[in-house]
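Worksheet for the structure shown next.
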Amino acid sequence: VQLVESGGGLVQPGGSLRLSCAASGSIFSFDRMGWYRQAPGKERQLVATITSGGITDYAEFVKGRFTISRDAVKDMVYLRMDSLKAEDTAVYYCGAERIGAGYWGQGTQVTVSP
């Protein structure tokens, strides 16, 4: 299983980015996929997830600003990030899980700075 993230970069506060995660197989082969982030000196934290049934969940600190979505035809999962803040700066990872196994991508850097 391979997960490849893209779409990170430098953006000003208040700006937007869309992250993409390409899976090497069907995204429906996973019970849940999601986005996680890790800032320097901090633990990795959940940002947003989507189950195979389409149920989404968000961390409180991104509710109303971030949206997770998927494209089953392309086997892609996306994270639309709006109203970005400096504290959103982190490496963002795509994760996928199925019973007995979890997978991570290599991460993509998001920097929010004037």
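In the working numbering, the protein residues as written are 23 to 136.
For every residue, glycine included, the Cβ atom is placed at its ideal position computed from N, Cα and C.
**Item:** Presumed contact (8 Å Cβ cut-off) between Phe88 and Arg102, rounded CB distance
**Value:** Here residue 88 refers to the residue found at position 66 when the sequence shown is read from its first residue. Here residue 102 refers to the residue found at position 80 when the sequence shown is read from its first residue. That pair is a contact at about 7 Å.
**Request:** Determine, using beta carbons only, whether Tyr80 and Arg92 come nearer to each other than 8 Å.
**Result:** As a first step, residue 80 must be located in the sequence shown, where it is residue number 58. As a first step, residue 92 must be located in the sequence shown, where it is residue number 70. The answer is no: Cβ separation not under 8 Å.
**Request:** Enumerate in chain order the residues of its own chain whose CB-to-CB distance from Thr78 is below 6 Å, with the five nearest sequence positions on each side excluded.
**Result:** As a first step, residue 78 must be located in the sequence shown, where it is residue number 56. Around Thr78: Ile72, Ile90.
**Request:** Between the Cα of Gly76 and those of Ser38, Arg54, Glu109, Arg66, spot the shortest distance and give me the residue it belongs to.
**Result:** Here residue 76 is taken as the residue at index 54 of the sequence shown, counted from 1. When Ser38, Arg54, Glu109, Arg66 are compared, the shortest CA-CA separation from Gly76 is found for Arg54.
**Request:** Pull up the CB-CB distance for Lys85 and Pro35, whole angstroms please, since I reckon it's below 8 Å.
**Result:** Sequence index remark: in the sequence shown, residue 85 carries index 63 (1-based). Sequence index remark: in the sequence shown, residue 35 carries index 13 (1-based). Not really, about 18 Å apart at Cβ, beyond 8 Å.
**Best match in Arg120, Gly122, Ala123, Thr111 for proximity to Gly129 [C-alpha to C-alpha]** = As a first step, residue 129 must be located in the sequence shown, where it is residue number 107. The option with the nearest alpha carbon to Gly129 is Thr111.
**Asked** Going by Cα to Cα distance, which pick from Gly37, Val23, Val26, Glu27 is closest to Thr133?
**Response** Sequence index remark: in the sequence shown, residue 133 carries index 111 (1-based). For the residues Gly37, Val23, Val26, Glu27, the minimum Cα distance to Thr133 belongs to Gly37.
**Prompt:** What's the call for Gly56, buried or exposed, on a 16-neighbour Cβ count within 10 Å?
**Reply:** As a working mapping, residue 56 is identified with position 34 in the sequence shown. In this structure Gly56 is buried. Its beta-carbon is surrounded by 16 or more other beta-carbon atoms within 10 angstroms.
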